[in-house]
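Have a look at the structure below, then the notes.
Residue numbers (our numbering): 4 to 420.
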């Protein structure tokens, strides 16, 4: 688990280096901010349709081999991009194609690597392992964003892509030496047996349909999707809402927003540390955290000064990070072992809808109500929706049916049985 965490830190740092540089590269090629957003959407779009197929592949193929091959393919894409940049042969069409291919490979790589990390610890430590993964992700994000500027300044844009390629190769080299926990070995045997049974079925789409059917029939997962979806659309996009709030009504400059961004990142790390101590997270706990975050968001919208906003931003980031860790733990531990890849695939498709539709919807809300109004309205919608859902859940009671002695003769019951 220590080796896997180190490998993930290196990989996340390389990925954020590339993402940071890629936005600058698109601006250099096109001079258009809209094209920058388009390149990000093209990379995310394959998950909308292909995540379910990618999750099914993760359930069907050996997990270590799947993760190693997907990491190697991502390294090839990064090296290809770096070579084209170094030779000044990269145009916008080629960049879009490479971004789309990266998104396609990620539909397999993301669930494979997530579940591989869980296989390294006993079942009771999986929530803690997910928290450690969140901590590594946030640390890698900070390191990658910081290294991107230094790398481009001294070595050029292509160096960031080369560095990301080597980070993928490092992960690929570590994977063969990882030893799964005993629980994971038993679950792998169960998963392979389920795969063998599925392979004998005539319907080719049965594997994907099983994941969709399980998700649709599972109230906990549907509730988690509802809580996460409404929070993703009306909140969480603090990089967008707080940027407009700080530079607009609060009359702060780039320095003030930089302070807010730093506090957000620090809060994410603190939340990841706290999330790593979770043992039995539940959907109710995720909902309570989402409601708390909504109230803090309303308070942030009412902030009279940047200093007060900074005070509120820290607990907002902590609550968001702990909520993400708890929700991920529920998502990855609730399904049976042989369906976890497919459930993650379904979740990837749903999450892509939020990530693509949330920012435009929030931007429209800011146009209509302003940054303060967007934060307050969004927080109120989240809080009221969660409160309504909780009340409806509590009112759902089962009415007992009393049977008299002669209501059903013994002979009729035996026949029915």
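Here a beta-carbon is modelled for each residue, glycine too, at the ideal position from N, C-alpha and C.
Keep in mind that this is a model prediction, so the values were computed, not measured.
In whole angstroms, give me the CA-to-CA distance for residue i and residue j.
i: residue 205; j: residue 132; result: Low local confidence applies: a pLDDT of 43 at residue 205 is under 50, so the model's placement there is unreliable, and no value is given.
i: residue 310; j: residue 256; result: 13 Å
i: residue 297; j: residue 148; result: 28 Å
i: residue 366; j: residue 315; result: 22 Å
i: residue 252; j: residue 327; result: 30 Å
i: residue 236; j: residue 331; result: 18 Å
i: residue 227; j: residue 157; result: 45 Å
i: residue 85; j: residue 220; result: 45 Å
i: residue 87; j: residue 77; result: 16 Å
i: residue 113; j: residue 396; result: 33 Å
i: residue 4; j: residue 56; result: 28 Å
i: residue 341; j: residue 11; result: 24 Å
i: residue 32; j: residue 91; result: 11 Å
i: residue 44; j: residue 358; result: 9 Å
Would you call residue i buried or exposed, if buried means 16 or more other Cβ atoms sit within 10 Å of its Cβ?
i: residue 207; result: Per-residue confidence for residue 207 stands at a pLDDT of 42, beneath the threshold of 50, marking its modelled position as unreliable; the derived number appears in the next sentence. The residue is exposed, with fewer than 16 neighbouring Cβ atoms inside 10 Å.
i: residue 308; result: exposed
i: residue 391; result: exposed
i: residue 278; result: buried
i: residue 335; result: buried
i: residue 387; result: exposed
i: residue 370; result: exposed
i: residue 122; result: buried
i: residue 19; result: buried
i: residue 254; result: exposed
i: residue 224; result: buried
Where do the ends of the alpha helix (DSSP H) carrying residue i lie?
i: residue 323; result: 309 to 336
i: residue 167; result: 160 to 177
i: residue 397; result: 343 to 398
i: residue 126; result: Neither: residue 126 is in no alpha helix (DSSP H) and is coded neither H nor E.
i: residue 78; result: 66 to 89
i: residue 222; result: 222 to 237
i: residue 298; result: 286 to 304
i: residue 53; result: 49 to 63
i: residue 121; result: 95 to 121
i: residue 248; result: 241 to 250
Please look up how many angstroms separate the CB atoms of residue i and residue j, rounded, as I've assumed it's under 8 Å.
i: residue 215; j: residue 349; result: 6 Å
i: residue 115; j: residue 61; result: 5 Å
i: residue 292; j: residue 379; result: Incorrect: roughly 19 Å between the Cβ atoms, too far for contact.
i: residue 245; j: residue 263; result: 6 Å
i: residue 48; j: residue 106; result: 6 Å
i: residue 323; j: residue 239; result: 6 Å
i: residue 160; j: residue 24; result: 6 Å
i: residue 134; j: residue 275; result: 6 Å
Between the stretch 337 to 349 and the stretch 135 to 152, do three or more beta carbon pairs fall short of 8 Å? no
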